[in-house]
Structures are given as C-alpha cells and as structure tokens.
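Trainee: Per this note's numbering, the sequence shown starts with residue 458, numbered consecutively.
I am attaching a structure below and will ask some questions about it afterwards.
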Amino acid sequence: MSTSTLKFKIRLLDQRVAPEERERLLADPGFGRIFTEHMVRIRWYAATGWHDAELAPYAPLTLDPGTAVLHYAQAVFEGLKAFRQRSGGVAAFRADAHAARFRRSARRLALPELPEETFLEAIDVLLDADHEWVPGAPEHSLYLRPLMFASEVSLSVHPADQVTFLLIASPSGSYFPRGVKPVSVWLSEDFSRAAPGGTGAAKTGGNYAGGLLAQAQAAAQGCDQVVWLDSHEHRWVEEMGGMNLCFVFGRGGRAKVMTPALTGTLLPGVTRDSLLALGGDLGYEVEEGRISVDEWQTGCEDGSLTEVFACGTAAVITPVGAVKSARGSWVVGDGGPGEVSMRLRQALVDVQRGVAPDPHEWLYHARVSSKD
Ligand code: COI
C-alpha cells in the first residue's frame with residue numbers, strides 16, 4: 458500500500474457505464490483502444506512542486522498550441538499491467554520497478570521525478586474507481602499508462618517549469634492480434650533507434666516516433682516488426698520494435714537464455730528483468746551478453762540457436778519465427794513457438810495472475826475498497 462503525502466481530490470462520474478455495456482467492451486478489447494471511466498492528474502510547478510492531485514472523469518485535454526511538449530517532445534511514459542487475481546482483488550505487476558524507471562526516464566528528459574509513493578497512490582486511486590474494468594479473461598489485463606509532459610506554454614527550449622502527470626488505463630488483450638503466433642522481423646541496417654549518450658534507455662515518445670519509418674520499411678519487406686542493431690557497427694542486435702529480445706541456445710533443461718546487455722542504448726525492460734529471474738528459477742542458465750547478426754544466422758543454421766522471442770509488458774513473450782535482412786533470410790527453429798519461450802511465458806503469466814507463488818514479491822496488491 459502506498460504512503461503518498463499528496464492528498465488526492467476524488468471526482469467520480471455521476472453516471473457510470475452500464476454493466477452490460479462494460480462487459481460488451483471487455484469481451485474483445487484489442488490493445489489500447491478503449492479506456493476506463495477515470496484518470497489521475499497531478500500538476501508540478503518548479504516553484505511549488507507536485508500539487509493538485511486528483512482523480513477525475515476520463516476526458517480530452519485542452520492544450521494551448523504553444524504547449525512545450527507539442528514542439529520539443531519533453532515527455533516520458535510507462536506501461537504496466539493490472540491483473541485480476543485468482544484469489545480475488547487486483548494486483549499491478551512490478552509497480553515499484555515501473556515507478557523507478559519512470560523516475561530515471563524523467564531525469565534523462567529533464568523532467569521532475571514523481572515519488573514512488575505518489576506513483577503507487579495514483580494506481581490505487583484509479584483502480585479503486587475503475588476496478589470493474591480489469592478484465593478477467595486469460596490473455597486480458599488492464600494496461601496502465603502513466604505519462605508526464607511539459608505543459609508549460611513556451612516556445613523557448615528549456616526544461617519546462619510546468620509539468621503534468623496523467624495516469625490512464627486501457628482494458629487490453631494481446632498486443633499482437635495473432636496472440637503468440639511467431640512474428641517475422643526485418644533487420645534495419647539504415648536506421649538506428651538509439652546511440653550512446655542518447656535517450657535509448659528512457660521511455661520517451663521520441664524513441665518510438667523515430668522508429669516508425671523503419672517499422673514501415675519492415676512492413677514493406679513483408680515483415681511484422683523491425684529489429685534494431687547498434688548504431689556504430691550495425692552488427693550487434695539490440696531490440697525489436699519497442700520490445701527487448703531473448704535468444705535461446707540449446708534445448709530442454711540445459712537451455713541457455715541470453716538477452717543483449719544494457720549498454721545504455723537499450724530500454725531496461727521490466728519483463729526482460731523478470732524473465733532473467735524466472736529463467737534462473739526454472740533452472741535455465743541466463744546471461745546478459747551480446748549477439749551479432751552473423752551469429753544469429755549461423756546459430757539458426759547449425760541448430761545451436763533454437764528459439765528467439767521478444768518480450769515486453771504489452772507483448773509479454775512473442776516468438777520470432779523468421780528473419781529477413783538485405784543479405785538474406787532465415788528461419789528460427791522450425792518457425793513455430795519454442796518450448797522454452799512458452800514455458801517462460803506460462804511461468805510469468807501465472808505469477809501475474811496469482812496462480813503461482815510470488816517469491817520475488819512482484820505483485821502490488823491495489824487498495825480496492827469494494828471488490829467485486
Ligand atoms: C510496453 O510493452 O508496455 C510498451 O511500452 C511497448 C509499446 C506498447 C509502446
């Protein structure tokens with residue numbers, strides 16, 4: 458439970474969405490398409506710090522066209538999920554880790570750092586109002602999207618002295634509409650996602666905007682996703698789209714799960730971190746290392762590299778089945794979901810839903826006053 462010192466003002470909708478309409482929307486939510494009935498807003502002024510915390514009905518924002526974020530993109534966000542628990546109640550997965558990354562991203566973008574207890578209180582307040590929107594279906598969850606942006610009206614380039622924090626929530630199903638069906642990837646050798654000293658380790662919209670053209674290039678090549686290589690040699694594999702990558706060498710209990718090390722240009726994924734721990738718990742060798750494009754291709758060809766998967770909060774674990782690049786194409790394993798990938802996936806979702814024990818204390822049990 459949080460211990461925020463900010464007092465939240467609660468403004469609930471007078472007229473709630475009818476239960477039948479809510480159930481209809483929750484039956485097939487898609488990803489990030491529908492939103493719950495309320496949102497949290499907190500303001501920050503350089504002179505007074507965080508203030509005016511409130512839960513309010515979900516509504517469009519009114520922004521002056523001169524608002525700094527629209528021009529200079531001083532903004533950060535997070536993505537975490539809340540799950541209906543088998544034993545009742547609702548829990549957010551690794552809320553503390555997301556709060557910490559949100560502060561690190563904010564620091565990199567010269568934004569104020571939101572205290573962890575306020576981040577957690579915002580989750581409690583929103584889930585208390587909207588817990589009925591947490592889906593119960595196995596692959597569904599409530600995707601929580603905290604964000605912060607420069608709300609000062611100014612065209613001068615400087616760290617904003619007025620900032621707005623919002624927390625919105627979106628009942629969601631699989632990020633990839635085809636579920637765990639493997640994706641195909643295009644290795645981008647002409648574009649880079651991040652460079653040393655840049656913002657690659659921060660969760661900021663510019664990293665995603667800068668990736669859209671390469672994603673379009675991947676689609677033009679008939680691939681689902683783009684894979685990013687290091688910006689210097691265009692040789693070392695970094696990430697896939699907005700997700701981390703893991704490589705499985707060998708099979709069965711002797712398999713090794715390797716993910717590219719955090720060099721400063723990769724996003725330190727919370728799912729990535731969780732899988733390193735869970736992989737160890739399941740008896741796999743886990744490693745933060747590096748892999749080149751050549752090693753990826755030859756490993757698949759000689760059978761030593763058996764599985765590749767992408768991981769992220771939204772995508773959970775999504776197998777990579779086929780690779781295409783300017784110099785050739787190859788298949789990973791038999792092109793289908795791998796055994797280690799699926800075992801890790803099940804272990805993760807079991808913890809998230811309270812089906813398996815939570816030895817790492819990853820679940821943040823929200824303070825929901827009227828459990829349904
Ligand atoms: C997430 O996995 O939560 C992400 O942020 C990826 C994407 C939806 C932006």
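Idealized CB from N, CA, C, for every residue including glycine.
Predicted, not measured: the structure shown is a model, and the values here were computed from it.
Would you please state the rounded distance, in angstroms, between the beta carbons of Trp-819 and Arg-551? I believe it to be under 8 angstroms.
Mentor: Residue numbering aside, residue 819 sits at position 362 when the sequence shown is read from its first letter. Residue numbering aside, residue 551 sits at position 94 when the sequence shown is read from its first letter. With a Cβ gap of about 5 angstroms, Trp-819 and Arg-551 count as contacting.
Trainee: Could you check whether Ala-549 and Tyr-741 sit closer than 7 angstroms to each other, using their CB atoms as the reference points?
Mentor: Working through the sequence shown from its first residue, we reach residue 741 at position 284. Working through the sequence shown from its first residue, we reach residue 549 at position 92. Going by C-beta atoms, Tyr-741 is not nearer than 7 angstroms to Ala-549.
Trainee: Distance check for Gly-546 and Lys-828, CA to CA, integer angstroms please.
Mentor: Numbered from its first residue, the sequence shown carries residue 828 at position 371. Numbered from its first residue, the sequence shown carries residue 546 at position 89. Only weak support is given to the placement of Lys-828: the predicted model assigns it a pLDDT of 46, under 50, and the question is left unresolved by the model.
Trainee: Please state the DSSP three-state secondary structure of Arg-602.
Mentor: The count along the sequence shown starts at 1 and reaches residue 602 at position 145. Correct three-state label for Arg-602: strand.
Trainee: Less than 6 angstroms separating the Cβ of Thr-770 from some heavy atom of the ligand COI?
Mentor: Position 313 of the sequence shown, counted from the start, is the residue given in the question as residue 770. Yes, the beta carbon of Thr-770 sits closer than 6 angstroms to at least one heavy atom of the ligand COI.
Trainee: Would you mind reading off the limits of the alpha helix (DSSP H) that contains Gly-769?
Mentor: Taking the first residue of the sequence shown as 1, we reach residue 769 at position 312. Segment 762-769 is the beta strand (DSSP E) holding Gly-769; no alpha helix (DSSP H) there.
Trainee: Tell me the rounded alpha-carbon separation between Ala-639 and Ala-823.
Mentor: For the purposes of this step, residue 639 is taken as the residue at position 182 of the sequence shown. For the purposes of this step, residue 823 is taken as the residue at position 366 of the sequence shown. Note that residue 639 is Pro in the sequence shown here, rather than Ala. So the alpha carbons of these two residues sit roughly 34 angstroms apart.
Trainee: Any idea if Gly-536 is buried or exposed, counting beta-carbon neighbours within 10 angstroms, 16 or more meaning buried?
Mentor: Taking the sequence shown and counting its residues from 1, one reaches residue 536 at position 79. Gly-536 should be labelled buried.
Trainee: Rounded to the nearest angstrom, how far is the Cβ of Gly-668 from that of Gly-698, given a contact under 8 angstroms?
Mentor: Counted from its first residue, the sequence shown places residue 668 at position 211. Counted from its first residue, the sequence shown places residue 698 at position 241. Right, their Cβ atoms sit about 7 angstroms apart.
Trainee: Kindly identify the DSSP beta-bridge partner or partners of His-817.
Mentor: The residue you call residue 817 lines up with position 360 of the sequence shown. DSSP lists no partner for His-817.
Trainee: Ignoring anything shorter than 3 residues, give me the beta strand (DSSP E) runs that lie fully in the segment 510-557, in order along the chain.
Mentor: Taking only runs of at least 3 residues, the beta strand (DSSP E) segments lying wholly in the segment 510-557 are 532-534, 537-541 and 547-550.
Trainee: For Cys-757, which of helix, strand or coil comes out of DSSP?
Mentor: Within the sequence shown, residue 757 is the residue found at index 300, counting from 1. If DSSP states are grouped into helix, strand and coil, Cys-757 belongs with the helices.
Trainee: State the Cα-Cα distance for the pair Asp-585 and Phe-706, rounded to the nearest angstrom.
Mentor: The residue you call residue 585 lines up with position 128 of the sequence shown. The residue you call residue 706 lines up with position 249 of the sequence shown. So the alpha carbons of these two residues sit roughly 44 angstroms apart.
Trainee: Identify whether Phe-559 lies in helix, strand or coil by the three-state DSSP scheme.
Mentor: Here the question's residue 559 lines up with position 102 in the sequence shown. In this structure, Phe-559 counts as helix in the three-state DSSP scheme.
Trainee: Trp-787 bridges to which residues according to DSSP?
Mentor: Position 330 of the sequence shown, counting from 1, holds the residue named residue 787. DSSP, once it has assigned bridges, lists Val-780 as partnering Trp-787.
Trainee: Helix, strand or coil for Glu-665 per DSSP?
Mentor: Position 208 of the sequence shown holds residue 665. One point to set straight first is that residue 665 is Tyr, not Glu, in the sequence displayed. Helix, per DSSP.
Trainee: Cutting at 7 angstroms between CB atoms, please list the residues of its own chain near Phe-559, excluding the five before and the five after it.
Mentor: For the purposes of this step, residue 559 is identified with residue 102 of the sequence shown, where counting begins at 1. For Phe-559, where only same-chain residues beyond five positions count, the Cβ hits under 7 angstroms are Val-533, Glu-535, Leu-571, Phe-576 and Pro-603.
Trainee: Please report the residue range of the alpha helix (DSSP H) in which Phe-576 lies.
Mentor: Residue 576 sits at position 119 when you count from the first residue of the sequence shown. Looking at the DSSP string, the run of the alpha helix (DSSP H) that includes Phe-576 is 573-587.
Trainee: Quick check on the burial criterion: 16 or more other C-beta atoms within 10 angstroms. Buried or exposed for Ala-652?
Mentor: As a working note, residue 652 is residue 195 in the sequence shown. Ala-652 comes out exposed.
Trainee: Going by Cα to Cα distance, which pick from Asn-701, Pro-634, Ala-510 and Arg-490 is closest to Ala-718?
Mentor: Position 261 of the sequence shown, counted from the start, is the residue given in the question as residue 718. Of the listed residues, the one whose Cα sits closest to Ala-718 is Asn-701.
Trainee: How close, in whole Å, do the beta carbons of Glu-764 and Val-797 come, if the pair is a contact with beta carbons under 8 angstroms?
Mentor: Walking along the sequence shown from the start, residue 764 turns up at place 307. Walking along the sequence shown from the start, residue 797 turns up at place 340. That pair is a contact at about 6 angstroms.
Trainee: Would you say Gly-699 touches the ligand COI, meaning its beta carbon is less than 6 angstroms from a heavy atom?
Mentor: If you number the sequence shown from 1, residue 699 lands on position 242. Result yes, Cβ under 6 angstroms from the ligand COI.
Trainee: I think Val-780 touches Val-637, with their Cβ atoms under 8 angstroms apart; what is that distance to the nearest whole Å?
Mentor: Along the sequence shown, one-based indexing puts residue 780 at 323. Along the sequence shown, one-based indexing puts residue 637 at 180. No, Val-780 and Val-637 are not in contact; Cβ-Cβ is about 18 angstroms, not under 8 angstroms.
Trainee: Any heavy atom of the ligand COI closer than 6 angstroms to the beta-carbon of Gly-792?
Mentor: Walking along the sequence shown from the start, residue 792 turns up at place 335. Answer for Gly-792: no, Cβ out of range of the ligand COI.
Trainee: What's the C-alpha gap between Cys-757 and Gly-790?
Mentor: Counting from one through the sequence shown, the residue named residue 757 turns up at place 300. Counting from one through the sequence shown, the residue named residue 790 turns up at place 333. Cα-Cα distance, rounded: 7 angstroms.
Trainee: Could you give the uninterrupted runs of the beta strand (DSSP E) lying entirely in the segment 703-744, keeping only those of 3 residues or more?
Mentor: Segments of the beta strand (DSSP E) lying fully in the segment 703-744: 713-717.
Trainee: Give a yes or no on whether the C-beta atoms belonging to Ser-627 and Gly-489 are separated by under 7 angstroms.
Mentor: For the purposes of this step, residue 627 is taken as the residue at position 170 of the sequence shown. For the purposes of this step, residue 489 is taken as the residue at position 32 of the sequence shown. The answer is yes: Cβ separation under 7 angstroms.
Trainee: What do you reckon, is the C-beta of Gly-668 under 6 angstroms from a heavy atom of the ligand HEM?
Mentor: Annotation note on the ligand HEM: not contained in the displayed structure, which lists the ligand COI as its ligands.
Trainee: Report back the beta-carbon spacing between Asp-587 and Thr-493 to the nearest angstrom; my notes put them in contact at under 8 angstroms.
Mentor: Indexing the sequence shown from 1 puts residue 587 at position 130. Indexing the sequence shown from 1 puts residue 493 at position 36. Contact holds; Cβ gap of about 4 angstroms.
Trainee: My output table needs one value for Glu-494: the three-state DSSP class, helix, strand or coil.
Mentor: Indexing the sequence shown from 1 puts residue 494 at position 37. Glu-494 falls in the coil class under three-state DSSP.
Trainee: Report the three-state DSSP secondary structure of Lys-828 (helix, strand or coil).
Mentor: As a position in the sequence shown, residue 828 is number 371, starting the count at 1. Reliability of the predicted coordinates at Lys-828 is poor, the pLDDT of 46 falling under 50, and the value obtained from them is presented with this limitation in mind. Residue state, collapsed to three classes: coil.
Trainee: Could you say if the segment 511-525 and the segment 653-660 meet the contact criterion of at least three C-beta pairs nearer than 8 angstroms?
Mentor: With a cut-off of 8 angstroms, the segment 653-660 and the segment 511-525 do not count as touching, because too few Cβ pairs lie within range.
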